[in-house]
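Asker: Mind looking over this structure? Questions follow.
Protein chains: 2
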Amino acid sequence: MRPRSLLLPLLSFLALARIAAAQITTVADSSPDAAKTLRQFHTEALARGQAFDHLRTLVTRFPGRLSGSKNLAGAIDWAEQTLGSLNLDRVYRQDVKVPHWERGAKESVMMVHAAGAEPLNALALGGSVPSPEGGVLAEVIEVKSLDDVITLGHAKIAGKIVFFNRPMDPAPIRPGLAYTGAGDQRSRGPSLAGKYGAVGALTRSLTHARDDFPHTGNTTYAPDNPKIPAAALPTLAADRLSAALAASKRSADGKEGATVRVALTINSRWLPDAPAHNVIGEIRGTEFPDEIILVGGHLDSWDVAPGAHDNGSGVVQSMEVLRLFRVLGLKPRHTLRCVLFTNEENGLRGSATYVSAMREKQEKHLLAIETDSGGFQPRGFNLGSTQGDAHERAAAKWRALFEPYGITTFIKGTGGADVGALLALGVTVGGLTPDSQRYFDHHHTTIDSLDKVNPRELHLGAAALASLIWLVDTQGL
Amino acid sequence: MRPRSLLLPLLSFLALARIAAAQITTVADSSPDAAKTLRQFHTEALARGQAFDHLRTLVTRFPGRLSGSKNLAGAIDWAEQTLGSLNLDRVYRQDVKVPHWERGAKESVMMVHAAGAEPLNALALGGSVPSPEGGVLAEVIEVKSLDDVITLGHAKIAGKIVFFNRPMDPAPIRPGLAYTGAGDQRSRGPSLAGKYGAVGALTRSLTHARDDFPHTGNTTYAPDNPKIPAAALPTLAADRLSAALAASKRSADGKEGATVRVALTINSRWLPDAPAHNVIGEIRGTEFPDEIILVGGHLDSWDVAPGAHDNGSGVVQSMEVLRLFRVLGLKPRHTLRCVLFTNEENGLRGSATYVSAMREKQEKHLLAIETDSGGFQPRGFNLGSTQGDAHERAAAKWRALFEPYGITTFIKGTGGADVGALLALGVTVGGLTPDSQRYFDHHHTTIDSLDKVNPRELHLGAAALASLIWLVDTQGL
Numbered sequence: 060m061r062p063r064s065l066l067l068p069l070l071s072f073l074a075l076a077r078i079a080a081a082q083i084t085t086v087a088d089s090s091p092d093a094a095k096t097l098r099q100f101h102t103e104a105l106a107r108g109q110a111f112d113h114l115r116t117l118v119t120r121f122p123g124r125l126s127g128s129k130n131l132a133g134a135i136d137w138a139e140q141t142l143g144s145l146n147l148d149r150v151y152r153q154d155v156k157v158p159h160w161e162r163g164a165k166e167s168v169m170m171v172h173a174a175g176a177e178p179l180n181a182l183a184l185g186g187s188v189p190s191p192e193g194g195v196l197a198e199v200i201e202v203k204s205l206d207d208v209i210t211l212g213h214a215k216i217a218g219k220i221v222f223f224n225r226p227m228d229p230a231p232i233r234p235g236l237a238y239t240g241a242g243d244q245r246s247r248g249p250s251l252a253g254k255y256g257a258v259g260a261l262t263r264s265l266t267h268a269r270d271d272f273p274h275t276g277n278t279t280y281a282p283d284n285p286k287i288p289a290a291a292l293p294t295l296a297a298d299r300l301s302a303a304l305a306a307s308k309r310s311a312d313g314k315e316g317a318t319v320r321v322a323l324t325i326n327s328r329w330l331p332d333a334p335a336h337n338v339i340g341e342i343r344g345t346e347f348p349d350e351i352i353l354v355g356g357h358l359d360s361w362d363v364a365p366g367a368h369d370n371g372s373g374v375v376q377s378m379e380v381l382r383l384f385r386v387l388g389l390k391p392r393h394t395l396r397c398v399l400f401t402n403e404e405n406g407l408r409g410s411a412t413y414v415s416a417m418r419e420k421q422e423k424h425l426l427a428i429e430t431d432s433g434g435f436q437p438r439g440f441n442l443g444s445t446q447g448d449a450h451e452r453a454a455a456k457w458r459a460l461f462e463p464y465g466i467t468t469f470i471k472g473t474g475g476a477d478v479g480a481l482l483a484l485g486v487t488v489g490g491l492t493p494d495s496q497r498y499f500d501h502h503h504t505t506i507d508s509l510d511k512v513n514p515r516e517l518h519l520g521a522a523a524l525a526s527l528i529w530l531v532d533t534q535g536l
Numbered sequence: 060m061r062p063r064s065l066l067l068p069l070l071s072f073l074a075l076a077r078i079a080a081a082q083i084t085t086v087a088d089s090s091p092d093a094a095k096t097l098r099q100f101h102t103e104a105l106a107r108g109q110a111f112d113h114l115r116t117l118v119t120r121f122p123g124r125l126s127g128s129k130n131l132a133g134a135i136d137w138a139e140q141t142l143g144s145l146n147l148d149r150v151y152r153q154d155v156k157v158p159h160w161e162r163g164a165k166e167s168v169m170m171v172h173a174a175g176a177e178p179l180n181a182l183a184l185g186g187s188v189p190s191p192e193g194g195v196l197a198e199v200i201e202v203k204s205l206d207d208v209i210t211l212g213h214a215k216i217a218g219k220i221v222f223f224n225r226p227m228d229p230a231p232i233r234p235g236l237a238y239t240g241a242g243d244q245r246s247r248g249p250s251l252a253g254k255y256g257a258v259g260a261l262t263r264s265l266t267h268a269r270d271d272f273p274h275t276g277n278t279t280y281a282p283d284n285p286k287i288p289a290a291a292l293p294t295l296a297a298d299r300l301s302a303a304l305a306a307s308k309r310s311a312d313g314k315e316g317a318t319v320r321v322a323l324t325i326n327s328r329w330l331p332d333a334p335a336h337n338v339i340g341e342i343r344g345t346e347f348p349d350e351i352i353l354v355g356g357h358l359d360s361w362d363v364a365p366g367a368h369d370n371g372s373g374v375v376q377s378m379e380v381l382r383l384f385r386v387l388g389l390k391p392r393h394t395l396r397c398v399l400f401t402n403e404e405n406g407l408r409g410s411a412t413y414v415s416a417m418r419e420k421q422e423k424h425l426l427a428i429e430t431d432s433g434g435f436q437p438r439g440f441n442l443g444s445t446q447g448d449a450h451e452r453a454a455a456k457w458r459a460l461f462e463p464y465g466i467t468t469f470i471k472g473t474g475g476a477d478v479g480a481l482l483a484l485g486v487t488v489g490g491l492t493p494d495s496q497r498y499f500d501h502h503h504t505t506i507d508s509l510d511k512v513n514p515r516e517l518h519l520g521a522a523a524l525a526s527l528i529w530l531v532d533t534q535g536l
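Chains as they are written, first to last, in this note's numbering: chain R, 60 to 536; chain H, 60 to 536.
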């Protein structure tokens, strides 16, 4: 692609015609004020947005903000100070007791087969118990589903390391569907394997990317099952292990050397619950101060991750929404509340605490919208309500207003993990829906870093949130 | 963001409800076959697409494919072989004489001011003449527009290096508009500065990114103006130079040391036109073999650039379109022709040669669609026709079919630089319109590399092109 050139008058003319056409934006909405305000949000965010600078500070100073960690505590202090700099009406904390799991010394996964020993990159799953002193060394059995474990049964599973290796389906257009479709292997696989006598579990990383970065994430043990150590392998390492197992099967003639074993060492530990906080900032509503519009993300991240997209982006976008209202001199009729939740990744205690407090105070929420799907180019919103289809109402009222900003999808949803619980309490919930093709490339890894975030995309997301919130505040949903 | 957990039955239920809702896709189109075929294109591209593997080969083996270079020749051979592997009906070359400019030894820009000498990263603009033997050393005058140069006039400009430093406007949602809005500084600024007696020109890189990577690109000299050497500075270097000039102005008391000068050395040369080729592959139409649907991108890239997005992505997507038809067993009614143009970046000779040949043979083209806006998530198409509004016809017929794939924008346009010339000949032209927020972060730089391309986004673009082409082939536009 190249700009027009002096030597190409025809193409220049055509290019100009094309630009002119592109600049004519038809807004079907009857309110020129609304179109103007949305334009102001976007121009301010693109030209002078602070979200990316805040994100740089957050992920540089406080990477690995897992619940119970020093860096989560640092991020909480930083968030309170940063909200404090935005000239809000109120900034405060909410005490939350959070689970405290630590990875400990680096985990180790060694593939041992006929050709020798080969170390594989790996990350213990969040919440995994440690391996016994000295690690476990056992034969590996590959499965593609939890049903496979049940079918194989105790006889085939006991004493082995179960290797869950069903890839994320490439076909869904939204990678989130593929993620959820494969996620049971990580969230429930190790516990099920333990039930059938396995001594360890390995899970294929939940990503479409083919690389050597392992993706961690939470695993949960059912109370009655034996707890076994569990780690995630990068997709390339999973392929190598699978190939070694297939080769071993082909050459299985009873020889000792053909067996593929893995030595697995995990040094994690569970500690007592730790103190942490939700951090909250408010602009008081001019007409309905007791009715709240909530926008939020989560401060915690996995221990190994800078947490730029998950969910530093949501934290700084939520802050930016309040800054946009302030700097444009827009006074919301309802109280606009930024909630930076704690402990989303492995407990949702921040959300639970918030819900308890709002019930206790009998607070009314008009809308609770979350941004926890990455700081990518915004495409739309998911909305959910117990009173009919909020996404259809929003689309009918405002789709044309949002179209110039590339925001075209209004889908039914439940907001996100932190605000989802408010739906059952009658609150309309929502979530920003950005492009998601790249999200799982670095989700829960060491490479969820600042360089993966484009400042304009991040700022467009903040402007989209501010726009929807302003429309709900002024027009209702 | 996290997957559902055993411990969170409420949220799990809500998440499942959300997924179920997301999977219900309403297709308004009356043709279930069309919906099925689009789904097949997308599934095949996502699950077994070859475009990313081809791109890896192209940018690894043949980076810096500028016209006249050995690597363009290598890329042409590779493209012919690769098309040859796709089981097409015909693969051939079209001879093109291309301009041959070489950068020569690395350029150098040194800022010399009171505090000392400071090297600035820089890239000579494409087509720039070399500096005189030993380089030029001159005072710098900063301007924000071509008009500034005219206003300052010969008295203020002569003997100086003119520094064009108007940033790309952050406000447009489409960065392409800001690129074009600032592009005259690069394409015509140096020639104008030469007219007023300047001895050199520096231009701020055409990007919203704030970093230290310079962006090259073509500059053109008007025939009657003196030709002066010209280089692009990274945005951060431009800011440093501007700050030094501002500081110098503040301390300007006639002292020698306060002046800011720049030493500029460019070692480029122009060589005689070189042989190159368009590379073409065809699937012969079953009903209308003499009517052509063209899909294409350009093989050349800037000399310093791997050219992954610009335009390796377009090359491999165009190939993939033909592969998708073949592998799905779809026999187009019209001849489907993949054209890999040469010399888009600095001459458009490939396009001109193609047009001459098609006129000579009196070939009829039903549609000529280009992909030269990066291998990002596809959002829609631009379409142009001398017979009414093709984009509105396409939207009316097929918008609902494309919506499940996130493709929602059908805008008026002129295709792109390579197919634009066909519009005046009565051909309906088009271009793939992907997300563009990241495009100018690495456009025409050393960092337009494979790691900036997401395989799924690239493959979704190929599927979108195949889908539109199949619809035009079977239903007409």
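Built from N, CA and C at the ideal position, the CB exists for glycine as well.
Within 8 angstroms (strictly less), CB to CB, does G123 (chain H) reach chain R?
Answerer: It does not; no Cβ of chain R falls within 8 angstroms.
Asker: Indicate whether at least one CB of chain H lies closer than 8 angstroms to the CB of P288 (chain R).
Answerer: Not an interface residue.
Asker: Do L97 (chain H) and L460 (chain H) have their C-beta atoms within less than 8 angstroms of each other?
Answerer: In this structure, L460 (chain H) lies closer than 8 angstroms to L97 (chain H) by Cβ.
Asker: Measure the C-alpha to C-alpha separation of H101 (chain R) and R515 (chain H) and round it to an integer number of angstroms.
Answerer: Their Cα atoms are separated by approximately 28 angstroms.
Asker: By how many angstroms is the C-alpha of T473 (chain H) removed from the C-alpha of I351 (chain R)?
Answerer: Between I351 (chain R) and T473 (chain H), the C-alpha separation is close to 48 angstroms.
Asker: Between D362 (chain H) and S128 (chain H), which are expected to be in contact by the criterion C-beta below 8 angstroms, what is the C-beta distance as a whole number of angstroms?
Answerer: Right, their Cβ atoms sit about 7 angstroms apart.
Asker: Can you give me the C-alpha to C-alpha distance between Y151 (chain R) and S410 (chain R), rounded to a whole angstrom?
Answerer: The alpha-carbon atoms of Y151 (chain R) and S410 (chain R) are separated by roughly 16 angstroms.
Asker: Could you run through the stretch 446-472 of chain H and flag, in chain order, every residue whose CB is less than 8 angstroms away from some CB of chain R?
Answerer: Answer in chain order: P463, Y464, G465, T467, T468, I470, K471, G472.
Asker: Return the first residue and the last residue of the beta strand (DSSP E) that F440 (chain H) is part of.
Answerer: That run of the beta strand (DSSP E) goes 437-443.
Asker: For the stretch 179-189 of chain H and the stretch 324-342 of chain H, state whether three or more C-beta atom pairs, one from each stretch, are separated by less than 8 angstroms.
Answerer: Output reads yes: the stretch 324-342 of chain H touches the stretch 179-189 of chain H.
Asker: Decide yes or no for the touch test of the stretch 139-151 of chain H against the stretch 339-347 of chain H: beta carbon pairs closer than 8 angstroms, at least 3 of them.
Answerer: Cβ pair count under 8 angstroms is three or more, so yes.
Asker: What's the call for P331 (chain R), buried or exposed, on a 16-neighbour Cβ count within 10 Å?
Answerer: Burial call: exposed.
Asker: Taking the continuous alpha helix (DSSP H) assigned at R98 (chain H), which residues delimit it?
Answerer: Here the alpha helix (DSSP H) through R98 (chain H) covers 91-107.
Asker: Enumerate, from N- to C-terminal direction, the unbroken alpha helix (DSSP H) stretches of 4 or more residues contained entirely within the stretch 276-310 of chain R.
Answerer: You should have 294-309.
Asker: My guess is that L519 (chain H) and F440 (chain H) are in contact by the Cβ rule of under 8 angstroms, so how many angstroms apart are they, rounded?
Answerer: No, L519 (chain H) and F440 (chain H) are not in contact; Cβ-Cβ is about 13 angstroms, not under 8 angstroms.
Asker: Thinking C-beta only, is I200 (chain R) closer than 8 angstroms to F222 (chain R)?
Answerer: Yes; because the gap between Cβ atoms is below 8 angstroms, this pair is in contact.
Asker: Please list, in chain order, the residues of the stretch 89-120 of chain R that have any C-beta partner in chain H closer than 8 angstroms.
Answerer: Within the stretch 89-120 of chain R, the residues whose Cβ lies closer than 8 angstroms to some Cβ of chain H are H101, T102, L105, A106, listed in chain order.
Asker: Can you check which of these residues, H:D206, H:R124, H:D494, is closest to P55 (chain H) by C-alpha distance?
Answerer: The question about residue 55 (chain H) has no answer here: the residues shown for chain H are numbered 60 through 536.
Asker: Looking only at C-alpha atoms, which of R:A364, R:N337, R:S372 sits nearest to R396 (chain R)?
Answerer: Minimum Cα distance to R396 (chain R) is reached at R:N337.
Asker: Between the C-alpha atoms of D448 (chain H) and H450 (chain R), what's the straight-line distance to the nearest angstrom?
Answerer: Rounded to the nearest angstrom, the two C-alpha atoms are 31 angstroms apart.
Asker: In the stretch 267-299 of chain H, which residues sit with their C-beta less than 7 angstroms from some C-beta in chain R, listed in chain order?
Answerer: Cβ contacts with chain R come from H267, G276, N277, T279, A281.
Asker: When the cut-off is 8 angstroms and only beta carbons count, does Q376 (chain R) lie next to chain H?
Answerer: Closer than 8 angstroms: no.
Asker: Since F400 (chain R) contacts L358 (chain R) with CB under 8 angstroms, what's their CB separation in whole angstroms?
Answerer: Between L358 (chain R) and F400 (chain R) the Cβ distance is about 7 angstroms, and since that is below 8 angstroms, they are a contact.
Asker: Using 8 angstroms for Cβ pairs, my map puts A523 (chain R) next to I466 (chain R). What's the rounded Cβ distance?
Answerer: That belief holds up - the Cβ atoms of A523 (chain R) and I466 (chain R) are roughly 6 angstroms apart, short of 8 angstroms.
Asker: Any residues in the stretch 200-233 of chain H with a beta carbon nearer than 9 angstroms to a beta carbon of chain R? Which ones, in chain order?
Answerer: Cβ contacts with chain R: D228, P229, A230, P231, I232, R233.
Asker: Name the residues in the stretch 511-528 of chain H whose C-beta lies less than 7 angstroms from a C-beta of chain R; which are they?
Answerer: Listed by position along the chain: N513, R515, E516.
Asker: Measure from the alpha carbon of D298 (chain H) to the alpha carbon of each residue in H:V155, H:G256, H:P288, H:P273, then state which is nearest.
Answerer: Ranking H:V155, H:G256, H:P288, H:P273 by Cα distance to D298 (chain H) puts H:P273 first.
Asker: Relative to the ligand SAH, is the shortest distance from any of its heavy atoms to the C-beta of G439 (chain H) smaller than 7 angstroms?
Answerer: Here there are no bound small molecules, and the ligand SAH is not part of this structure.
Asker: According to DSSP, which residues form a beta bridge with H424 (chain H)?
Answerer: Answer is H:I351, bridged to H424 (chain H).
Asker: So, for V155 (chain H): in the same chain, excluding its five sequence neighbours on each side, which residues have a beta-carbon less than 7 angstroms away from its beta-carbon?
Answerer: So the qualifying residues of the chain are A335, H336, N337, T401, N402, R408, G409, T412.
Asker: List, in order along the chain, the chain H residues whose C-beta lies closer than 8 angstroms to that of R263 (chain R)?
Answerer: The contacting residues do not exist; R263 (chain R) stays about 14 angstroms from chain H at best.
Asker: For V531 (chain R), does the count of other Cβ atoms within 10 angstroms reach 16, so buried, or fall short, so exposed?
Answerer: V531 (chain R) should be labelled buried.
Asker: Using 8 angstroms for Cβ pairs, my map puts G253 (chain H) next to P285 (chain H). What's the rounded Cβ distance?
Answerer: 4 angstroms between Cβ atoms; contact.
Asker: Hey, G256 (chain H) and I216 (chain H): beta-carbon distance below 8 angstroms or not?
Answerer: In contact: G256 (chain H) and I216 (chain H) (Cβ atoms closer than 8 angstroms).
Asker: For T504 (chain R) and L509 (chain H), what's the separation of their Cα atoms in angstroms?
Answerer: Those two C-alpha atoms are separated by around 20 angstroms.
Asker: Rounded to a whole number of angstroms, what is the C-alpha to C-alpha distance between G373 (chain H) and I528 (chain R)?
Answerer: G373 (chain H) and I528 (chain R): Cα-Cα distance of roughly 39 angstroms.
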